[in-house]
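Colleague: The structure that follows is given in the form of structure tokens.
In the numbering used here, the protein residues as written are 19 to 162.
Following this line, the structure appears as structure tokens:
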């Protein structure tokens with residue numbers, strides 16, 4: 019027999035475990051496989067009023083205004099860092115008097131995007147992710 023204990027969140031086999039918690043309830047192999055052994059992504063285990071294991075949606079985490087602002091600043095910092103190599107490459111190519119991978123217009127748009135990122139915390143939409151500056155689509159096509 020297989021048992022589930024709501025207090026420990028663990029399963030027990032009567033043939034193996036000699037010390038089974040008093041709140042343990044018998045569960046089917048099917049429920050064990052579905053809920054305990056291989057739950058679907060995005061679900062967490064809980065138990066119903068009868069102590070049987072069930073799958074539920076995880077509780078939504080509400081960030082404070084300060085936490086949301088910190089998250090957005092971290093995103094912004096990562097975005098600025100992720101484009102630094104493009105700026106450096108372009109300036110190095112100019113300094114070495116080589117043809118540049120970016121056009122003058124692309125480089126200007128890159129610099130404008132990076133400035134929008136720096137100004138993001140001052141925007142009216144901040145810290146809503148929906149108001150983030152839009153990445154120029156051609157940036158993703160660049161290779162290091």
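Even glycine gets a Cβ: it sits at the ideal position worked out from N, Cα and C.
None of these values were measured; they are calculated from a predicted model.
Does the separation of the CB atoms of residue 154 and residue 90 fall below 8 Å?
Modeller: no
Colleague: So what's residue 35 in DSSP terms, helix, strand or just coil?
Modeller: coil
Colleague: Tell me where the beta strand (DSSP E) around residue 56 begins and ends.
Modeller: Per DSSP, residue 56 lies in no beta strand (DSSP E) and is assigned neither H nor E.
Colleague: Have a look at the DSSP bridge pairing and note the partners of residue 91.
Modeller: Residue 91 pairs with nothing; no bridge assigned.
Colleague: Could you check what DSSP says for residue 29 in three-state terms: helix, strand or coil?
Modeller: strand
Colleague: Taking contact to mean 3 or more Cβ pairs, one atom from each stretch, closer than 8 Å, check whether the stretch 75-83 and the stretch 113-130 are in contact.
Modeller: These segments do not touch.
Colleague: Roughly how many angstroms separate the alpha carbons of residue 149 and residue 143, rounded to a whole number?
Modeller: C-alpha separation (whole angstroms): 5 Å.
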